[in-house]
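One structure below.
In this note's numbering, the protein residues as written are 30 to 185.
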């Protein structure tokens with residue numbers, strides 16, 4: 030019996046997922062209380078977690094595109110019933126892109142040429158994006174959450 034390689038499932042404990050610059054590992058995952066690594070790229074982990082939670086990444090993106098009327102740097106409702114919404118700090122093609130979990134972000138502020146993102150558990154990380162860019166992404170995610178939690182939206 031062959032062992033199937035385990036793909037990380039995004040959970041309510043997932044705070045951030047970023048590209049890991051390694052010859053083998055592709056992602057660094059920050060959770061409440063620990064760090065994990067994965068051989069899969071962040072987008073693949075997000076796609077897998079969307080499917081695990083009842084919809085394809087394409088379907089989630091299409092819904093978000095309709096809500097936001099844009100196609101760039103889209104937040105993804107990974108598991109809406111569990112309040113797991115991830116948003117990118119940059120284009121997903123950018124090696125500096127960090128996927129942040131909306132409900133873990135306590136605050137963020139510009140520090141020199143980076144933005145410090147503080148999490149509710151007292152930890153934080155620096156992202157290579159301006160405070161204005163992170164703020165725009167955070168607001169996009171909150172707009173999606175407000176729409177999806179509204180009375181006229183059937184959450185998957």
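Idealized CB from N, CA, C, for every residue including glycine.
Per-residue burial, residue i [other beta carbons within 10 Å of its own, 16 or more giving buried]
i: residue 135; result: exposed
i: residue 98; result: exposed
i: residue 104; result: buried
i: residue 33; result: Caution is warranted here: a pLDDT of 49 is assigned to residue 33, below 50, making its placement in the model unreliable, and no coordinate value can be reported.
i: residue 192; result: In the structure as shown, the chain starts at 30 and stops at 185, and residue 192 therefore has no counterpart that could be examined.
i: residue 168; result: exposed
i: residue 37; result: buried
i: residue 56; result: buried
Residue i versus residue j: straight-line alpha-carbon distance, rounded
i: residue 69; j: residue 49; result: 10 Å
i: residue 101; j: residue 151; result: 30 Å
i: residue 54; j: residue 161; result: 30 Å
i: residue 174; j: residue 141; result: 31 Å
Residue j beta carbon less than 8 Å from that of residue i
i: residue 75; j: residue 39; result: yes
i: residue 72; j: residue 121; result: yes
i: residue 113; j: residue 180; result: no
i: residue 139; j: residue 159; result: yes
Cβ neighbours of residue i in the same chain (closer than 7 Å, five flanking residues each side left out)
i: residue 63; result: none
Close Cβ partners of residue i (< 6 Å) along its chain, the five nearest in sequence each way excluded
i: residue 45; result: 59, 127 and 129
i: residue 43; result: 60 and 130
Query raised in the report: Is the number of C-beta pairs between the stretch 120–140 and the stretch 87–96 that are closer than 8 Å three or more?
Result: Two segments are said to touch when three or more pairs of C-beta atoms, one from each, lie closer than 8 Å; by this definition the stretch 120–140 does not touch the stretch 87–96.
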